[in-house]
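Each remark here refers to the structure printed beneath this line.
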């Protein structure tokens, strides 16, 4: 849409619990009294525990290189062939790197076709404006793709099977360095890659039903179709391809802000659906709605080159409608509607459409493949991607791996903890595919641990429980069929 500075979905094993939002103030609320049948460990804000994740040894990850060349490469540069993944470390790691270092790793997928992505679980390199001093740079040929410096986990997804990764340090400052993993992106949907979300809450939800009347979907006028993507192929954890595959996905931000802090979906010609917690700061205080906009038909936040001409734009939000039972100290009823200032034409452009809602509350979707999309962080407290990401997550049954939840919450998780939604994905969709259409069954809300932590599912507001509320609050809108 317009140049943005910041770059949702990757791998991490750690301990904790958070909301899946990157709110205006980067809000993440701690769990204090959440006591499921199995008590979760508590993630303390600002503290990460990445050491528990085993690091794959370079020697077991590379083929076609002599032993001495591999050892040399693991120290500072070299040629690496990626069978599964390889590990790069700053010179002298885990001790501080030396001054005036220059390391060049040339990394290539063994099959010559798989795309590569990099994740740095540990990263501490001298910070500077535009990373002009010490830096780790990802190159493709002579083209610079990304430059990293500062502290905290880093991640990068490429469209190439070959990368050149360069580390340079100056003569003045020496920091703790980095440990990064470069791996192939599996094109099979069964092995995608994202990150996990995070919950707040001190409230324990109850299983008391809100109403005895089954909710029903708002009816459409038949002039436009809902839930029709531009391409039906799903690539778990990869960049959405083509760029506007999910034409109902929107990003939420303030007009003068750089990146989206939450996601949402277009559900009719006047409203978008999102999460209520996106509008509260970490103290539970309601944020101002002044300057609130949604980005429609967007894909890459940092460029206008892939925008849909005349379609991709920022749309002003006229009104935020929060569910009246939502409590920012809790996580139940995490649902909100955005009334847009303009009426959208959903039948004119393939890059701008509405998602379908469930027809009623008769399905629980357990065992089905859920599909989530968003611009959320690639790791807990890590970077955002530039481009919209997607991941396939199995939907769990109502037991939610023995975590105590209300009937208005749906859980989804990867058994191995390799993929999930994360901070910044909040408010975004969890879909299922029914025939050729996408139906939104969940709104990304929170997770019972760090992003993609094994055994810690993600939680989504169950859309089918809110159909009547949605219908009542969007009576002036027209739905697609």
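Numbering (mature numbering (1 follows the signal peptide of the UniProt record, and there is no 0)), first residue to last: -19 to -1, 1 to 462. We put the CB at the ideal spot given by N, CA and C, even for glycine.
Item to check | Residue nearest to residue 460 in terms of C-alpha spacing, selected from 337, 140, 371 | outcome: Taking only the C-alpha atoms, the option nearest residue 460 is 337.
Checklist entry - Which residue's Cα is closest to the Cα of residue 413: 132, 301, 209? => result Nearest of 132, 301, 209 to residue 413, Cα basis: 209.
Next on the checklist: With distance defined between alpha-carbon atoms, name the residue in 283, 243, 249 nearest to residue 256.
Outcome noted: Nearest of 283, 243, 249 to residue 256, Cα basis: 243.
Checklist entry - Taking residue 163 as the reference, which of 251, 330, 67 has the closest Cα? => result Residue nearest to residue 163 within the set 251, 330, 67 is 67 (criterion: CA-CA distance).
Item to check | Opening and closing residue of the beta strand (DSSP E) in which residue 453 lies | outcome: Looking at the DSSP string, residue 453 is not in any beta strand (DSSP E); the run it does join, the alpha helix (DSSP H), is 448 to 454.
Item to check | residue 96 to residue 455 span [Cα, whole Å] | outcome: The straight-line gap from Cα to Cα measures roughly 43 Å.
Next on the checklist: On the DSSP letters alone, give me the boundaries of the beta strand (DSSP E) that residue 69 sits inside.
Outcome noted: That run of the beta strand (DSSP E) goes 66 to 70.
Next on the checklist: Please state whether the Cβ-Cβ distance between residue 246 and residue 462 is less than 9 Å.
Outcome noted: No, Cβ-Cβ distance for residue 246 and residue 462 is not below 9 Å.
Item to check | Which of helix, strand or coil DSSP assigns to residue 231 | outcome: Correct three-state label for residue 231: strand.
Item to check | Exposure label - residue 124; buried when at least 16 CB within 10 Å | outcome: Counting Cβ neighbours within 10 Å, residue 124 comes out exposed, since fewer than 16 surround it.
Checklist entry - Would you report the Cα separation of residue 249 and residue 118, rounded to the nearest angstrom? => result Roughly 43 Å separates the two Cα atoms.
Next on the checklist: Could you compute how far the alpha carbon of residue 441 sits from the alpha carbon of residue 204?
Outcome noted: So the two alpha carbons sit approximately 30 Å from each other.
Next on the checklist: Using only the alpha-carbon positions, how far apart do residue 370 and residue 114 sit?
Outcome noted: Taking the straight line joining both Cα atoms gives about 31 Å.
Checklist entry - Of all the options 447, 111, 109, which has the alpha carbon lying nearest to the alpha carbon of residue 314? => result Taking only the C-alpha atoms, the option nearest residue 314 is 447.
Next on the checklist: Does the segment 234 to 243 come into contact with the segment 271 to 286, if we say contact requires no fewer than three beta-carbon pairs (one atom in each stretch) closer than 8 Å?
Outcome noted: Contact check between the segment 234 to 243 and the segment 271 to 286: three or more CB pairs, one atom from each, fall below 8 Å, which counts as touching.
Next on the checklist: If the criterion is Cβ atoms closer than 9 Å, does the pair residue 374 and residue 390 meet it?
Outcome noted: No; because the gap between Cβ atoms is not below 9 Å, this pair is not in contact.
Checklist entry - If residue 85 and residue 145 are in contact, beta carbons under 8 Å, what's the gap, nearest whole angstrom? => result Contact flag correct, Cβ pair sits at about 6 Å.
Checklist entry - Where are the beta strand (DSSP E) runs, 3 residues long or more, that stay fully inside the segment 396 to 427, in chain order? => result Segments of the beta strand (DSSP E) lying fully in the segment 396 to 427: 410 to 415.
Checklist entry - Rounded to whole angstroms, how far is the Cβ of residue 393 from the Cβ of residue 332, which I believe are closer than 8 Å? => result Not confirmed; about 27 Å, so no contact.
Item to check | 8 Å contact criterion, which residue 427 and residue 312 should meet: CB distance rounded | outcome: Confirmed, Cβ separation roughly 5 Å.
Next on the checklist: Am I right that residue 156 and residue 106 are in contact with their C-beta atoms under 8 Å? What's the rounded C-beta distance?
Outcome noted: Their Cβ separation, rounded to whole angstroms, is 6 Å, which keeps residue 156 and residue 106 in contact under 8 Å.
Checklist entry - Which term fits residue 383, buried or exposed, when burial requires 16 or more other beta carbons within 10 angstroms of its beta carbon? => result Exposed.
Checklist entry - How close, in whole Å, do the beta carbons of residue 230 and residue 409 come, if the pair is a contact with beta carbons under 8 Å? => result Rounded, the Cβ-Cβ distance is 7 Å, consistent with contact.
Item to check | Inter-residue spacing [alpha-carbon to alpha-carbon] between residue 112 and residue 81 | outcome: Distance from the CA of residue 112 to the CA of residue 81, rounded to the nearest whole angstrom, comes to 15 Å.
Item to check | DSSP state of residue 497 mapped onto helix, strand, coil | outcome: With the chain covering only -19 through 462, there is no way to say anything about residue 497.
Checklist entry - DSSP on residue 458, reduced to helix/strand/coil? => result In this structure, residue 458 counts as coil in the three-state DSSP scheme.
Next on the checklist: Which residue wins for smallest C-alpha separation from residue 380, given the options 348, 397, 93?
Outcome noted: Of all alpha-carbon atoms in 348, 397, 93, the one lying nearest the alpha-carbon of residue 380 is that of 348.
Checklist entry - Thinking just about the alpha-carbon of each residue, which of 308, 397, 406, 264 is nearest to the one in residue 355? => result Nearest neighbour of residue 355 by Cα position, chosen from 308, 397, 406, 264, turns out to be 406.
Next on the checklist: By DSSP's criteria, residue 90 is part of a beta bridge. Which residues make up the other side?
Outcome noted: According to DSSP, residue 90 bridges with 63.
Checklist entry - Can you give the Cα-Cα distance for residue 141 and residue 341, rounded to whole angstroms? => result Between the alpha carbons of residue 141 and residue 341 lies a gap of roughly 43 Å.
Next on the checklist: Checking the sheet assignment: what are the DSSP bridge partners for residue 148?
Outcome noted: Residue 148 is bridged by DSSP to 84, 117.
Next on the checklist: Quick check on the DSSP output: the beta strand (DSSP E) that includes residue 445 runs from which residue to which?
Outcome noted: Per DSSP, residue 445 lies in no beta strand (DSSP E) segment and is marked neither H nor E.
Checklist entry - With a CB to CB cut of under 7 Å and the five nearest residues on each side skipped, what residues in its chain are close to residue 377? => result Within the same chain, residue 377 has close Cβ partners 347, 392, 393, 394, 438.
Checklist entry - What whole-angstrom Cβ distance do residue 251 and residue 457 have, given they're in contact under 8 Å? => result Taking a contact as a CB-CB distance under 8 Å, the pair residue 251 and residue 457 counts as one, their CB atoms being some 7 Å apart.
Next on the checklist: Assuming contact is defined by CB atoms lying nearer than 9 Å, are residue 159 and residue 70 in contact in what I supplied?
Outcome noted: Yes, the Cβ-Cβ distance between residue 159 and residue 70 is below 9 Å.
Item to check | Option nearest residue 432 by Cα separation, candidates 400, 425, 343, 278 | outcome: The option with the nearest alpha carbon to residue 432 is 400.
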